[in-house]
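Chains as they are written, first to last, in my numbering: chain X, 8 to 414; chain R, 174 to 530.
Just so you know, even glycine gets a beta-carbon here, dropped at the ideal spot from N, CA and C.
Contents: one structure, followed by commentary.
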Amino acid sequence: MVTSRRGFLSGVSTAAILSASDVAFGQKKYDDGASDTEIKIGHCCPYSGPASAYGVIGKCHQAFWKAVNDAGGINGRKVNFITLDDGYSPPKTVEVVRQLVEQEKVLLLYQTLGTPTNTAIHKYVNQKKVPHLYISTGASKWGDPKHFPWTMGFQPDYHTEGAIYAKHMLSRIKDPKIGILMQNDDYGKDYVDGFKEGLGKDKAKLIAKHVTYEVTDPTVDSQVIQLKDSGANVFFNVSTPKFAAQAIRKAADIGWKPTQYLNNVSASVASVIKPAGYEASQGILTAAYLKDPTDKQWDSSPDMKAWHAWMDKNMPGANQADGNYVFAYCVSALMLETLKRCGDTLTRENVMKQAAGFKNLELPLLLPGITINTSSTDFYPIQAVQLARFKAESWELFGEVMHAEST
Amino acid sequence: MPPFPKKWLIVLLVLGFGIPLLNPLMPDVVSSYRLFLVSTMIIAAIAVLGLNLLTGFNGQISLGHGAFYAVGAYAAAILMDQYDVPYYATLPIAAVICFVVGYLFGQPALKLEGHYLALATFALALSVPQILKYKWLEGITGGVQGIVLSKPEPPFGLPLSEDQWLYYYCFIVMVILFWISHNILNSRSGRAMMAIRDYPIAADTMGINLRLYKTVTFGISAAITGIAGALSASAIAFVAPDSFNIFLSIKFLIGLVVGGIGSLAGCVVGGIFYVLVDNSAQALSTFIKNDLGLQFDLSAYTVFGILLIALMYMMPMGIVGGVYAAMRSLRRGSKGPAPSERPAVAASKPAASRQGH
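What follows is the structure, encoded as structure tokens:
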């Protein structure tokens, strides 16, 4: 896998070109994990075990940093990306993260994946004062610079997204009766909590039926039938792709036609809408912040083209319909930009300072109008989403980009 | 199996106590991370000890000891979180709770033998994470979010780091539990347990109360594994349902089979083995891929599986059993272990076949 400089430039550094470097040049300063020739980055995610489907994110990061190195690295330094398997098990995460910090002595941790796994290391990394950046979870608790000044999330949190759906629904639907399908874990809980908060206290009774499923369940058919029987006219679908497709299909099959809100996690056209059927999916609402690689409207956008070319070159054989690759690529582009801005001052403090200093930074594959904004008190890089409605064979964005203030 | 030579035991104990003190002198060799890793090995060894009492010495197969481990961990976490119980006081309470749970589970398990018991315990292990998430229990278990705890701090102002103290804490608990287990096994009750394993009908005829011994053994086994769980709650300072998935129970069983069924020393070897392999399987699989040029990914579990199959062929009685056999054949100058020295073969077979997946 040889990447030419030009191929790389067109692909990766859209973000880099946009930025004006504001680093004070002078003497070089390093913390653990950085030197004249190398920057060590630590990462862990489940390559094995029950959540190993997320392993593709880690593989995409590996390909990304390899491509960066092949193109000359960052300010002359190669990135040594050390990624370990934690199997989505919190005790294992503690072990591998300690290995990364204490044995490998990485400069920073980034994109560690999962809510319970990151919770297990939250205190530790903040005690050790190791940057814990752009972590791969949508829980709302990661943007707390006051108590945890070394931890920062990335994506819009589930809580906020849930609240946005609730507010939209209250403003559009008269006399709503809500049916909720929820995956019974931290991710599902977070969405539903946000949704309930968006409804407001006195409106909680609008929820006619709240059913759950486990990731190990074969189908959600019976749950959807229960929701229909409750007489709900709004369907809030908090499920991962396989189950989301089943639920949409089943609702259509049994003639249930509620207003459907589909969580962003399952907004992929290829893995959810297409299996569920275009017919059954018309009018579904979702909130998006990334471009869907299977959505035809982005086929001609330069960043999507560049991404496809990058994938062809660096991850041949990977399924380009998988939104996880888009996500991983976009986050890595942000990390790359952060390290570039650090210049020769590769200290942990400076990494955090740069990470907390983005103003309207554009990244490849973010929806038009959505940018990265952080400050010393705002540790939520992306807080904007845009609602979209499924029409014909793609998502049609409507309304304004919403800048949600997280709670 | 022959008892562990006493002088070696003393040497090991002295080393176990002495080496961590070198941490400030040689921070690179005896690093905090390695101390932590050894602590997790000790915890694993205790959990395997619990399982070994049941499977290795009493002949009841359990695929669900992760459940008792989880109960112990949650008992300790809830006590620390909600009732401000100091961490060391959670151990006996967790042990009692797990004993009761194990004893009660042992009652219906009496009717189940061999594979059927394995399946029943398997179901228990599968259900525990779900029960922890159950909404009525959410108030105390923290539901899917789990419970965040603090790490144990060294008592009496001892000049130890957190990791050193954690190590000693685990080490002392391990020594005590192994001493207790050793005494149980060498008592009348222990011989009764093993008699039940070998010939239940004969044991019954000789007047051993099968019902009592089987359920109490189940209870003790659960209590010891529960203590390991409580220790892990302190060591990791966090519990969540995701920490106790079915692979945990499988790993205990792997530790047991690899270390040596029906051997106390085997528990320690098994605990070390599974932490070590779990830890280096990924490195090994990248090594195979990058340096040996194999074109496909071997997952950590595949490496685990291959190692297990190889071990089962070379040392069917586990590492400790294999070492003893080797020592014996060296001494006698003859080959192969005597057939009479193979306890619990029946128990090891289904256990071993489960690992192939």
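Note that the C-beta distance between ALA403 of chain R and GLY245 of chain R is below 7 Å. Proximity of chain R to GLU168 of chain X at the Cβ level (cut-off 9 Å) is not reached, the minimal Cβ distance being about 18 Å. The contact set of THR126 of chain X on chain R, defined by CB atoms closer than 9 Å, consists of GLN318, GLY319, VAL321, PHE411, ALA413 in chain order.
In chain order, GLY62, ASP92, GLY94 place their CB closer than 8 Å to the CB of SER55 of chain X, counting only its own chain and leaving out the 5 sequence neighbours on each side. At the C-beta level, TYR141 of chain X and PHE161 of chain X come within 7 Å of one another. Considering only beta carbons, no part of the segment 147–159 of chain X lies closer than 8 Å to chain R. Taking all protein chains in view, the Cβ of GLU286 of chain X is surrounded by fewer than 16 other Cβ atoms within 10 Å, so the residue is classified as exposed. With respect to the C-alpha of ALA413 of chain R, the residue from R:LEU226, R:LEU290, R:GLN318 having the closest C-alpha is R:GLN318. Contact annotation for ASN418 of chain R against chain X: GLY56, PRO57, SER96 [CB-CB distance below 8 Å, chain order]. Between LEU429 of chain R and GLY443 of chain R, the CB-CB gap stays under 7 Å. Sequence-distant partners of MET214 of chain R (beyond 5 residues in either direction) whose C-beta falls short of 7 Å from its own C-beta, in its chain, are GLY444, ILE445, VAL448. Within chain R, the residues VAL317, GLN318, GLY319, PHE411, ALA413, PRO414, ASP415, SER416 have their CB atoms less than 9 Å from the CB of PRO123 of chain X, given in chain order. The three-state secondary structure of THR314 of chain R, taken from DSSP, is helix. Apart from the 5 residues on each side of it in sequence, MET359 of chain X sits with its Cβ closer than 6 Å to the Cβ of PRO138 in its chain, given in chain order. With respect to the 7 Å criterion, ILE255 of chain X and ALA294 of chain X are not classified as neighbours on the basis of their beta carbons. Bounds of the beta strand (DSSP E) holding HIS50 of chain X are 45–52. For the 7 Å CB-CB criterion, PRO325 of chain R and TYR247 of chain R do not form a contact. Each of X:SER288, X:THR301, X:ALA316 was checked against the Cα of GLY330 of chain X, and the nearest Cα belongs to X:THR301. With its beta carbon at least 7 Å from every one in chain X, PHE425 of chain R lies outside the interface.
For a Cβ distance threshold of 8 Å, residue set GLY316, VAL317, GLN318 of chain R lies close to LYS196 of chain X, ordered along the chain. In its chain, beyond the 5 residues on either side, ARG84, LYS85 have a beta carbon closer than 7 Å to the beta carbon of THR44 of chain X. Distance check between ALA395 of chain X and each of X:SER339, X:PRO309, X:VAL276 places X:VAL276 closest, using alpha-carbon atoms only.
About 7 Å separates the CB atoms of TYR131 of chain X and VAL101 of chain X; that is less than 8 Å, so the two are in contact. Distance check between CYS52 of chain X and each of X:ALA170, X:PHE88, X:VAL75, X:GLY79 places X:PHE88 closest, using alpha-carbon atoms only.
Put simply, the segment 186–197 of chain R touches the segment 334–345 of chain R. At least three CB pairs are less than 8 Å apart. Residue pairing for VAL412 of chain R: DSSP places it in a beta bridge opposite R:ILE320. For secondary structure counted as the alpha helix (DSSP H) over 4 or more consecutive residues, the segment 323–362 of chain X holds these complete runs in sequence order: 330–349, 355–362.
For ASN244 of chain X, DSSP records a beta bridge to X:LEU188, X:LEU269. Per DSSP, GLN393 of chain X lies in no alpha helix (DSSP H); the unbroken beta strand (DSSP E) holding it starts and ends at 391–398. Contiguous alpha helix (DSSP H) elements confined to the segment 352–423 of chain R occur at 361–371, 373–378, 383–409, taking only those with 4 or more residues. At a cut-off of 7 Å between C-beta atoms, VAL333 of chain X does not count as an interface residue with respect to chain R. Residue contact with chain R for VAL101 of chain X: present (Cβ-Cβ distance below 7 Å to some residue of chain R). Around SER205 of chain R, the beta-carbon contacts reaching into chain X at under 9 Å are ARG105, GLU109. Among the CB atoms of chain R, none fall inside 7 Å of the CB of ASP200 of chain X. Per the C-alpha coordinates, the member of R:LEU224, R:ILE320, R:CYS271, R:ILE369 positioned closest to ASP193 of chain X is R:ILE320. Separation of the CB atoms of ILE379 of chain X and PRO371 of chain X is rounded to 12 Å, and the pair is thereby denied contact status at 8 Å.
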